[in-house]
Amino acid sequence: MAKTKVSQDTGDLVLNRISKYYGDFCAVDDLSLTIPDGSFFALLGPSGCGKTTTLRMIAGLEEPSAGTISIGDTDITTQKSYRRNVNTVFQNYALFPHLSIFENIAFGLRRRGIKDVKDEVEKALNLVELGHLSERKPAQLSGGQQQRIAVARAIVNRPEVLLLDEPLGALDLKLRRQMQIELKRIQLEVGITFIHVTHDQEEAMTMADTIAVMNQGKIEQMGSATELYEAPKTAFVANFLGQCNLIKVKVQSRSGGKVVVSAKGHTFEIPESRVSSSNDALLLGVRPEKLRLDDNGVNSIKECVVTDRSFVGTSTQYLVRTPWDLELVVFEQNDEGLHDLRVGDKVSLEWDSEHTFGLDGAQDVNAGADLDDDE
Amino acid sequence: MSTQVIPRPSFSHRSSRWFSRNLIRIYAALAFIYLFIPVAYTFAFSFNDSGKSNLVWQGFTLDNWKNPCGAPQVCKSVANSLQIGVISTVVATILGTMIAFAISRHSFRGRKTTNLLIFLPMATPEVVLGASLLAMFLNLRINPGFWTIVIAHVMFCISFVVVTVKARVASLDPRLEQAAMDLYANERDTFRYVTLPLVMPGIAGAALLAFSLSFDDFIITNFNSGIESTFPKFVYVSAARGIPAQANVIGSAMFFIALIIVIVGQVVSRQRKKS
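One line per chain: the protein sequences are P and V, in this order.
Heads up: the first sequence at position 323 corresponds to 314 in my numbering, and the numbers run straight through without jumps.
For my numbering, add 13 to where a residue sits in the second sequence, where the first one is 1.
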């Protein structure tokens, strides 16, 4: 049996200006990224944004058209995938159907010439809590079990980086939630770098320390879930992570840490630190749960009309039309302060300055909206 | 409650209902009878106390089964057929599998043409193939015999092997090979531990098909065999004088061996699934 020599590099994974072209189509466009050693990192974006291509380049299953990939000090750009200290959990698991669960997990160990695999395999099986299934064939396992075996098969090799390609995509909602917690637990236990590719923003936010939002081959913004949600830098990020109200406004003044803007005769304030553009035309953003149905704040819009109302358990969601015919979404918690408005009721809206953000006004207001569930 | 009396259906009505309900079974039974009458006939006449000609039933005997090589040349021709079958199968399976991988995995100049040319021997009438091959051998001053039969058999078996294996390779999920490469298997190990085992059922099927085609072939063999005899040729030649009952014994035995192989295969795969 041939023994494969695997490089034993450790350190941060660095993508330096990588691009990938398929003919004229640019899947990944001059992307640079540093993923710290030991972090749980998510690449989030709609289908076709280049996130899976990026992952496959890290795995060595695709070669970048330009740029370099390195782990620590070693350039692995042209290294064969079987020499990289990187393992992948494939989208549909790709378990070997002709091998038992035990042999599936032992596969990587055996290829590296390790003779005594029993202990390692059993440890990996116990980590995913499926020790009793080692003699079965993959086809005899449920989707959730196969998923965990795929994780065990990768983790048993103690790679420097573990790549997860939409690993929960084929599972139903309940199982998905369970596996999210499980994966997070495993990552903390083994402490290796996880790179998780997903189009599900909730999944990315629950699991990852750092999220990079990708769109059309580029990274739109990178940060923690809170940063991306509370202070998005582009309309795409604002819309792709949760729902967002974006209002076209003009800058009146910038002074004293405040940016005063106006729209159709209404003036609003945004903290200067939360404005990411120096243009005069801005998009004022505010999340639906930050809007209140009152009119005593600095930022308020009077004489609005409720056009739709839906009860969703923990909250009631309203669609409210401003005097200039812009529809805004408002979430109101179902607790004591509930207004219980009906369609057609007159209402005022207000919000706090520190919950607003200002984006470059040249962007499409609807960029990234309704993209998340089409895969 | 109403006391309506349901009229008893008439006999003809009932029988036609029974008939329509069981139509599919009757049809299936008839189809099987049609398929198996020749086999049953062959089997029955292997017990015929035939003497010279095995056309008329003359009484039951086990002598033919006790002495299957009793007729002159019969066992020699069977041995020849088995040897030719095994050699042609091995060569055709190896070459055909390699062609199948080349066609489905690599893009090279003339791939489409190759794909088409592979089908040609299957589409060409056997008499034409047999006659042309003989002409070629004679032109090359090669005397027809054992090896010319092997060459001819390898030639027409390859097409069937390529088609069978190609179908299996095409249905292989490329992600499995990627997963193997991801798990430290180099190109050779990936082929050995993942690709080959997964394509193996296709290769085995192709080999069985090649063997049965070779063992069965009469037309092409008859042109290219010279004085060498094979089992089909033996039966054909003896038909003029009366086929010996030993031919029936060997034919039936082949049938039962094939049947046992299929049954054992089924049992083994079922038990594997259970465990």
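Beta carbons: idealized from backbone N, C-alpha and C, even for Gly.
First and last residue of the beta strand (DSSP E) that includes residue i?
i	result
residue 78 of chain P	77 to 80
residue 154 of chain P	152 to 156
residue 324 of chain P	318 to 324
residue 257 of chain P	257 to 262
residue 71 of chain V	That residue, residue 71 of chain V, is in no beta strand (DSSP E); it is neither H nor E in DSSP.
residue 93 of chain V	Not the beta strand (DSSP E): residue 93 of chain V falls in the alpha helix (DSSP H), residues 87 to 118.
residue 245 of chain P	236 to 246
residue 197 of chain V	Taken as a continuous stretch (DSSP letters only), residue 197 of chain V belongs to no beta strand (DSSP E), as it is neither H nor E.
residue 43 of chain P	From DSSP, residue 43 of chain P is part of no beta strand (DSSP E) but of the alpha helix (DSSP H) over 42 to 50.
residue 57 of chain P	57 to 62
residue 368 of chain P	Absent from the structure is residue 368 of chain P, since the part of chain P shown begins at -8 and ends at 366.
Could you compute how far the alpha carbon of residue i sits from the alpha carbon of residue j?
i	j	result
residue 179 of chain P	residue 31 of chain P	9 Å
residue 220 of chain P	residue 327 of chain P	27 Å
residue 182 of chain V	residue 171 of chain V	16 Å
residue 64 of chain P	residue 2 of chain P	8 Å
residue 367 of chain P	residue 218 of chain P	Here chain P comprises residues numbered -8 to 366, so residue 367 of chain P is not present and cannot be evaluated.
residue 284 of chain P	residue 175 of chain P	38 Å
residue 266 of chain V	residue 161 of chain P	51 Å
residue 40 of chain P	residue 210 of chain P	9 Å
residue 132 of chain V	residue 185 of chain V	22 Å
residue 276 of chain V	residue 139 of chain P	37 Å
residue 70 of chain V	residue 56 of chain V	13 Å
residue 268 of chain V	residue 128 of chain V	34 Å
My output table needs one value for residue i: the three-state DSSP class, helix, strand or coil.
i	result
residue 220 of chain P	helix
residue 83 of chain P	coil
residue 76 of chain V	helix
residue 455 of chain P	Within the shown structure, residues of chain P are numbered from -8 to 366, placing residue 455 of chain P beyond reach of any answer.
residue 281 of chain P	helix
residue 30 of chain V	helix
residue 187 of chain P	strand
residue 170 of chain V	helix
residue 363 of chain P	Confidence at residue 363 of chain P is low in this model, with a pLDDT of 45, below 50, so its placement is unreliable and no value can be given for it.
residue 16 of chain P	strand
residue 370 of chain P	The requested residue 370 of chain P is not part of the displayed model; chain P covers only -8 to 366.
residue 357 of chain P	coil
residue 99 of chain P	helix
residue 312 of chain P	strand
residue -4 of chain P	coil
residue 156 of chain V	coil
residue 344 of chain V	Shown here, chain V extends from 14 to 288; a query on residue 344 of chain V therefore has no answer.
residue 118 of chain P	helix
residue 35 of chain V	coil
residue 25 of chain V	helix
For residue i, which beta-bridge partners are listed by DSSP?
i	result
residue 342 of chain P	P/290
residue 175 of chain P	Residue 175 of chain P is not bridged to any residue.
residue 307 of chain P	P/302, P/323
residue 347 of chain P	P/277
residue 1 of chain V	The structure shown has nothing for residue 1 of chain V, since chain V only spans 14 to 288.
residue 206 of chain P	P/209
residue 32 of chain P	P/186, P/201
residue 297 of chain P	P/311
residue 240 of chain V	None; residue 240 of chain V has no bridge partner.
residue 268 of chain P	Answer is none; residue 268 of chain P lacks a bridge partner.
residue 162 of chain V	Answer by DSSP bridge pairing: none, since residue 162 of chain V is not bridged.
Where do the ends of the alpha helix (DSSP H) carrying residue i lie?
i	result
residue 251 of chain V	244 to 252
residue 211 of chain P	Where residue 211 of chain P is concerned, there is no enclosing alpha helix (DSSP H), although the beta strand (DSSP E) it sits in stretches over 209 to 214.
residue 215 of chain V	209 to 229
residue 106 of chain P	Residue 106 of chain P -> no alpha helix (DSSP H), and no H or E assigned at all.
residue 125 of chain V	124 to 136
residue 136 of chain P	134 to 146
residue 226 of chain P	226 to 231
Got a sec? Which residues, its chain only, sit under 6 Å from residue i by beta carbon, not counting five neighbours each side?
i	result
residue 224 of chain P	212, 267
residue 17 of chain P	208
residue 359 of chain P	227, 230, 231
residue 261 of chain P	250, 347, 349
residue 260 of chain V	248
Please go through the same chain and pick out, in chain order, the residues whose beta-carbon is closer than 7 Å to the beta-carbon of residue i, but skip the five residues on each side of it.
i	result
residue 21 of chain P	8, 10
residue 243 of chain P	251, 252, 253, 258
residue 168 of chain V	134
residue 147 of chain P	96, 99, 100, 111, 112, 115
residue 103 of chain P	-6, -5, -3
residue 245 of chain P	263
Q. Got a sec: which bits of the stretch 172 to 199 of chain V sit with their beta carbon under 8 Å from any beta carbon on chain A, in order along the chain?
A. Among the protein chains of the structure shown, namely P and V, there is no chain A.
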